[in-house]
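Each residue of the sequence shown is one higher than the last, beginning at 2 in our numbering. We put the CB at the ideal spot given by N, CA and C, even for glycine. If you're wondering where the values come from, they're calculated on a predicted model, not measured in any experiment.
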Amino acid sequence: MRSYSIGEVERVLGEKAHVIRYWERSVPLVSPRRSESGRREYSEAELLALLRVKHLVRRRGLSPEAAREVLIREASGPRQDLRARAFEIRALLVRAYILSLNSLP
2 MRSYSIGEVE RVLGEKAHVI RYWERSVPLV SPRRSESGRR EYSEAELLAL LRVKHLVRRR
62 GLSPEAAREV LIREASGPRQ DLRARAFEIR ALLVRAYILS LNSLP
């Protein structure tokens with residue numbers, strides 16, 4: 002499975018590293034592993050969770066803590082099958098977007 006550096010996550014989210022690290026502390030679903038050199042490595046699921054956090058914080062005006070509660074409710078609420086399918090589609094779109102970023106000069 003592909004992992005993403007903090008620089009790649011910054012580019013995809015359009016947010017600075019310090020904001021991403023703050024969201025990391027606020028949302029327990031995001032806990033990147035560390036490489037041998039100590040650098041953060043985000044999984045695809047963590048990248049998608051951060052995209053959702055960004056939407057909730059920037060577009061809906063929630064605090065990161067309130068966004069955490071929304072994510073927890075979404076993960077444990079009814080209609081998880083539809084949410085899982087939406088998550089898969091979102092993952093495909095993110096992969097396509099990242100590929101397009103990597104192909105830019």
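- Residue pairing of Y5 in beta bridges, as defined by DSSP: Y43.
- Across the structure, D82 and L72 are spaced so that their CA atoms are roughly 15 Å apart.
- Straight across, the Cα-Cα distance linking R41 with Y5 is about 8 Å.
- Judged by DSSP in its simplified three-state form, R35 adopts strand.
- Residues of the same chain with a CB within less than 7 Å of the CB of W24, apart from the 5 flanking positions on each side, are V31, L51, V54 and P65 in chain order.
- Cβ neighbours of E47 within its own chain (closer than 7 Å, five residues either side excluded): V31 and P33.
- DSSP places S104 outside any alpha helix (DSSP H), giving it a letter other than H or E.
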